[in-house]
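Residue numbers (this note's numbering), protein chains in the order written: chain A, 6 to 223; chain B, 6 to 223; chain C, 8 to 212; chain D, 8 to 212; chain E, 1288 to 1531; chain F, 752 to 800. Even for Gly, the Cβ is constructed at its ideal location relative to N, Cα and C. A short worksheet on the structure shown next.
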Ligand code: HEM
Ligand SMILES: Nc1ncnc2c1ncn2[C@@H]1O[C@H](COP(=O)(O)OP(=O)(O)OP(=O)(O)O)[C@@H](O)[C@H]1O
Ligand SMILES: Nc1ncnc2c1ncn2[C@@H]1O[C@H](COP(=O)(O)OP(=O)(O)OP(=O)(O)O)[C@@H](O)[C@H]1O
Ligand SMILES: [Mg+2]
Ligand SMILES: [Mg+2]
């Protein structure tokens, strides 16, 4: 399992910086927002927490695309399924490495992008907290989506379609917490709920993902 | 060439409705916006044109991912490059089929999504006009990006990174035209510029894409 | 322990392909699977390796003992030869990759990224992977594709050594490998009406 | 017209692989390329097919006359056998796929999606593609991978017929195809210091 | 004879062929009576004017949209546990019907919203969660389409339906938390049995709800039969191919 | 025709759209069903004949 984690991280760093790319996408989406909605700073500062959450979510989603697809194409998944490693564990490791290479950098980069969108000063802490709490859930749910669409050519877009509705609760609570934080209100309730979702998905989703993966490999 | 177009369209329809999926993604992004920025209808109506343009752009981008990648993986591109068909023409056809399966449906769906974001009534016509004028440029530029990243594993994210900056002028003029239309101002100038960009890219980009593709295939 | 297959029926894409297949492989033995294209060799091997369920029949002695090598090699283009091997060794709880490197003369290529190998070199690396799994049963689907004569000899030597150490091998191939082993032709086992029971679409007939 | 190669030097990944290669193929002739794994056969064939540039040397008679078949078959999993062939026929400005279907006995599979074929059936379809291109020079990289004996015979017959009609063929392979053709071993042409001129990194030497 | 006997596809075809004519007739009668009664023979509401007439479409469609998903959930579970093909195919057959019902509820709701709330669409929890349901239907159908092997497709979509249901409930809760809405609460609480709709509106509404339910049932039975025939065609084709 | 007052367009639109959707669904269902029936009949005839 540590071997798998190390390999995935190594691949992420080597394969054209797979790990900077989620970040770059986040950056670009955030930069495109002023171009599309116009440059008024009060407007931007109102929508900043939401845009940052949405950008982070999309960056996660895009990098999920090949989380399992590459391993499927070159036969690694077939071999892993016959290896003495429970598939649940392997998929948890995959989700973890996805979070380390995508979610974590997003969390760290968010404050900088917050500056660009005029995020209220009080909002930074809660934005980071909500992202740190929420992005693991995004990775775990995403792994489920990736397992569902493994082996389907052009699966990327289908996966987005399947995964995005599953992201809704996480997004609502996360963005709500960030928004309340930015407005100086108490973000306690949504944060707690967000933490609940994250813990729940981490505990349960790997089983669903492994079950689904066994079906698709068949 | 007609054979190529027909095949691409056929594949788009067969491969799990590759063609509805761009649309679905557009829908989903638009739906997620209120979840992230909050449900106030004046706020939504202010940002509606920009959000719709951004959503259309992202939907285009995601469906680009495998425009050439699949053909590369199974060797079709190698074979096409040795076929008696200029690569420029082949790539133009690819861009056209991408537009037909992604851009066109987006244009048609935009008004419905406009309703959901409380777009001002005066804005609908100009939103559609700007999308209809702008999305072909997105497809053509995207083909260039796809050609650049063909053969790179995990190319999807890298491609987004390369293509998004190229999309900026189109996005600026397109969103500006839609925004002015929604506010009841005259969108003539940005629309003209948008048309200029589209015509220019359609005329010139295929040559760049073909040149790049020849290099990557080498 | 013996690998034994009894009355196995297998399907591909929901369609029964083979029925009533039975054979056994004892430690130290190899079995060469033969049959024309589309006969169902790949399907049979994937079933035995546990990648798909049989329609009916029994597979004994296959739990956690099988190392499978199919048409794809499970190599990462962006990892070096040594890193690829090491990864699979660790997954299977081993660490020594020297023997495998030596058996397929991969020494000179050790630091090359797997993506830059030629077709035959890639395949050699894929076969070397088998040796680091420590598994007793090798289930191989056309292992010598794109190998040259020297490399086929390396493969034969590796299999012979594996059998000598009490291992087993089940190999589907169209060419002569120069192995001292029995042959099993699956052509007669093509699924017929009476051996087709259990197909997933049986209920619709 | 003759396909003639003079003093060709080719590189892969920026590294010179072969130098000073010269040969010619006249209409009606085939040439079998041999060489151990990693010798540079694939690289040479891709260069001749025009998919990459030679470092130096001349290739004559290759413009718009070559049909290339490499390790990948260029098949779409979601199109049927007939649709796949038709597509390639149309790209090359032809429309008749009957002869190709017959030559590789693909008739019974005609309505199957290419993605559901077995490895050997896929390859047969990939080879049938050559016949609908109408091109005079076939450049083939290990064409018989995963074919059974019958299918290899079909391939040999197809090549013989192609040669009989004035076509040419250049085939890299490790196994015996049963073709009546000359053999060209590329081992002696491995790039050496003096044949390496023209490499992309020459300027740094 | 156990109920599961009817899970045999061919038996199912026979049985459903026998009941279908009655079902279709009953569905047609109820829908036509309910809607015409509602449209032609009910008074206007003192607040909403003639727009109350939309209720006879809106509420039954909304109900059936939810019930369809619930039915898919149950049949998916049956497939996962007992692997009865009819069950999986019924889920597949129900999805487009559910999608259409969702669409009708959304469209009539949107049209109703214009006069009542002055807007086509508001991010009200009820409406929003319906939109999410719509997305789930879309994803579910797309997954069925995309997977080649029918049994694998049935497996995958079943798990998706299960996981999706959990997340749909979560979303419902989240959406409520996120916005207090405009949409009125349920006025037909099933649990308590009381209701706040006046009788004049209630009877046609009831008939129309029954009609939509029957229509759904007929459609699903018919479509399941179609799916079974398609699978049978596929199976026979596969067999005949092998005999070549 | 009942008197629909100032909301005539809305009510008519709602009924029109819904009935259109329902009719479309029923028609598509019937068409697909008929095609499946025909195809199956063809195959079964071939098998017997
Ligand atoms: C697109 C917009 C709308 C959607 C998706 C929607 C959805 C729903 C749903 C799901 C129900 C069934 C709830 C239940 O029975 O518990 C319902 C009931 C109902 N809706 Fe809507 N609705 C929408 C717009 C409207 C509008 C604009 C009005 C009118 C002002 C309205 C009035 C009603 C009424 C009166 C009921 C019946 C409540 C009951 O008796 O249970 N809806 N709607
Ligand atoms: N998805 C599918 N649906 C229907 N039939 C299929 C599907 N996939 C494969 N088949 C058929 O199943 C049979 C067995 O295929 P399999 O790959 O096991 O053959 P094989 O013996 O490995 O052949 P080869 O020597 O060509 O590799 C073939 O006739 C093939 O056409
Ligand atoms: N990107 C690369 N960088 C450096 N060397 C490479 C690269 N790609 C291939 N090579 C080397 O170039 C040589 C020629 O490879 P090529 O694929 O042409 O061999 P081949 O004769 O086709 O071998 P095979 O019989 O195994 O297919 C090999 O030694 C290979 O390792
Ligand atoms: Mg095989
Ligand atoms: Mg080669």
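Any C-beta of chain B under 8 Å from that of residue i
i                       : result
residue 56 of chain A   : yes
residue 1409 of chain E : yes
residue 84 of chain A   : no
Sequence-distant residues of its chain with Cβ nearer than 8 Å to residue i (five each side left out)
i                      : result
residue 50 of chain D  : 17, 18, 19, 24, 25 and 59
residue 167 of chain B : 150, 153 and 154
residue 19 of chain B  : none
For residue i, the three-state DSSP class (helix, strand or coil)
i                       : result
residue 12 of chain B   : helix
residue 1319 of chain E : helix
residue 67 of chain C   : strand
residue 11 of chain C   : strand
residue 45 of chain A   : coil
residue 143 of chain D  : coil
residue 67 of chain A   : helix
residue 1453 of chain E : helix
residue 202 of chain A  : helix
residue 178 of chain D  : strand
residue 23 of chain D   : strand
residue 190 of chain C  : strand
residue 1264 of chain E : Because chain E is modelled from 1288 through 1531, residue 1264 of chain E falls outside the range shown and cannot be assessed.
residue 1479 of chain E : Because the pLDDT at residue 1479 of chain E is just 45, under 50, the model does not fix this residue reliably, and the point stays unresolved.
residue 198 of chain D  : coil
residue 112 of chain A  : helix
Minimum Cβ-Cβ distance from residue i to chain A less than 8 Å
i                       : result
residue 2 of chain C    : Within the shown structure, residues of chain C are numbered from 8 to 212, placing residue 2 of chain C beyond reach of any answer.
residue 1386 of chain E : no
Chain-order list of residues whose beta-carbon lies under 7 Å from that of residue i (same chain, five-residue window excluded)
i                       : result
residue 62 of chain A   : 143, 172 and 176
residue 182 of chain B  : 131, 135, 192, 195, 196 and 199
residue 44 of chain B   : none
residue 123 of chain B  : 46, 49, 50 and 53
residue 104 of chain B  : 140, 141 and 144
residue 1389 of chain E : 1352, 1417, 1420, 1421 and 1424
Residues near residue i in its chain [Cβ-Cβ closer than 6 Å; skip 5 each side]
i                       : result
residue 1477 of chain E : Unreliable placement is indicated for residue 1477 of chain E, whose pLDDT of 44 sits below 50; no coordinate value is reported for it.
residue 159 of chain C  : 151
residue 1481 of chain E : Low confidence applies here, because residue 1481 of chain E scores a pLDDT of 49, under 50, leaving its location unreliable; read the following figure in that light. Result list for residue 1481 of chain E: empty, nothing under 6 Å.
residue 27 of chain A   : 64, 68 and 107
Beta carbon proximity, residue i to chain C, threshold 8 Å
i                       : result
residue 1531 of chain E : For residue 1531 of chain E, the predicted model reports a pLDDT of 37, less than 50, meaning its position is unreliable and no value from the coordinates is stated.
residue 1365 of chain E : no
residue 1354 of chain E : no
residue 79 of chain A   : yes
C-beta neighbour in chain E for residue i, strict 8 Å
i                      : result
residue 778 of chain F : no
residue 36 of chain B  : yes
residue 796 of chain F : no
Below-8 Å beta-carbon distance, residue i vs any chain D residue
i                      : result
residue 192 of chain C : no
Any chain F beta carbon closer than 8 Å to residue i
i                       : result
residue 1326 of chain E : yes
**OP:** For the region 95-125 of chain C, list the alpha helix (DSSP H) runs that are entirely contained and at least 4 residues long, ordered along the chain.
**Re:** Counting only runs of 4 or more, we get 105-110.
Original post:
Unbroken alpha helix (DSSP H) runs of length 4 or more, entirely within the region 25-86 of chain C: which are they?
Top reply: Runs found: 48-55.
Original post:
Quick one: complete alpha helix (DSSP H) runs, 4+ long, within the region 125-186 of chain B?
Top reply: Within the region 125-186 of chain B, the runs of alpha helix (DSSP H) at least 4 residues long that lie entirely inside it are, in chain order, 128-154.
Original post:
For ligand 5, which residues count as neighbours when the test is a C-beta closer than 6 Å to any heavy atom?
Top reply: By the rule of a C-beta closer than 6 Å to any heavy atom of ligand 5, the residues picked out are C:125, C:126, D:48, D:49 and D:148.
Original post:
Could you give the uninterrupted runs of the alpha helix (DSSP H) lying entirely in the region 55-104 of chain A, keeping only those of 4 residues or more?
Top reply: You should have 74-78, 81-86 and 92-103.
Subject >> Segments of 4+ residues assigned as alpha helix (DSSP H) that fall wholly inside the region 1389-1440 of chain E >> reply: If only uninterrupted alpha helix (DSSP H) runs of at least 4 residues are considered, those enclosed by the region 1389-1440 of chain E are 1412-1433.
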